[in-house]
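In my numbering, the protein residues as written are 71 to 272.
Since the structure comes first, as structure tokens, the remarks are kept for the end.
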Amino acid sequence: MYQVRGQAEQAIAHFTVSLDTFEAMGDDRRAGHTHLILGTSYRKSGAWRSSGINYEKSLVLARAHDDLSQIGMIYLRRAETQILISDASMAMLYSRRAMRLFVRIEDPLGQADAYRTYRQAASIRSARGQDRDYLTESLSLQQKYKSPLGEAETLEVRGQFYEMKGEVDEARARYEQAFDLFQRLNAENDEKRIKDIMEQLA
């Protein structure tokens, strides 16, 4: 709940207690999952170094257990980090790695997230002539498998895409849809971000 609402410090505190407990139990698999979530929380708080350390620890444990789903999620989170620092090439690379793993293990929601992240990275590079519309595929999978948070995030990226093309009405429509979903999820930080974006649309 704290993670979704953007309260990173509270989320980190709870995840750290969970991590200590799993490590005391010798449960490496769950400890690895917790490292991944912690990495995301640290990233959201701006602690890039701590985020990277937790992703790396998670990757080591995931590989030890041959946990392909976990490895795919780590690649995806790394891709999202690269987007934040405007390294589109690395973001696309990590997204493709994640996509291949999710296709291999038949994880449609993982595929949806990877499609969205890849398209977002491609937009940064102004790569608009892709053979496949990854955002449409992502949105379809998010809706089919009832993932409202993923759907909202995909609609936001779609809005960014239209905004970059100068199609303000289309962008606003997607942002409004994303805002409604974030509001239903009580994702307050996301609501505020979308509201600010809409207010700045020309």
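Note that the Cβ used here is the ideal one computed from N, Cα and C, for glycine as well.
Quick one: using the 10 Å Cβ neighbour count with 16 as the cut-off for buried, is residue i buried or exposed?
i    : result
L89  : buried
Y164 : buried
S121 : buried
E126 : exposed
A81  : buried
A83  : exposed
R244 : buried
Can you list, in chain order, the residues of its chain whose CB lies under 7 Å from that of residue i, leaving out five sequence neighbours each side?
i    : result
T110 : R147
F85  : T104, I107, L108, S111
R242 : M268, L271
G220 : L179, A182, D183, Q212
Are residue i and residue j close, meaning C-beta to C-beta below 8 Å?
i    : j    : result
L106 : M143 : yes
I153 : I194 : yes
T224 : L205 : yes
R99  : D137 : yes
A257 : G102 : no
A248 : G229 : yes
E150 : T187 : yes
M234 : A191 : no
P178 : L129 : no
Pull up the distance between the alpha-carbon of residue i and that of residue j, whole angstroms please.
i    : j    : result
S139 : D183 : 13 Å
R167 : Y185 : 11 Å
I264 : K214 : 24 Å
E261 : G180 : 24 Å
L171 : V87  : 30 Å
Y227 : R174 : The question names Tyr, but residue 227 is Val in the sequence shown. Between V227 and R174, the C-alpha separation is close to 25 Å.
R113 : N259 : 15 Å
Y72  : N124 : 19 Å
R198 : F231 : Low confidence applies to R198: its pLDDT is 44, below 50, so where it sits in the model is not reliable, and the reading given next is rough at best. Spanning the two alpha carbons is a distance of roughly 9 Å.
P218 : L251 : 7 Å
A285 : E207 : Beyond the ends of the chain as shown, which are 71 and 272, falls residue 285; an answer cannot be given.
G116 : E176 : 33 Å
G96  : L209 : 38 Å
E246 : H135 : 42 Å
S156 : F92  : 35 Å
E240 : A222 : 15 Å
Is any heavy atom in the ligand SAH found nearer than 7 Å to the beta carbon of residue i?
i    : result
M234 : As for the ligand SAH, it is missing from this structure, which has no ligand bound.
Excluding the five sequence neighbours on either side, which residues of its own chain have a C-beta within less than 6 Å of the C-beta of residue i, listed in chain order?
i    : result
A132 : G102, Q140, I141
M169 : A184
A78  : S111, K114, S115
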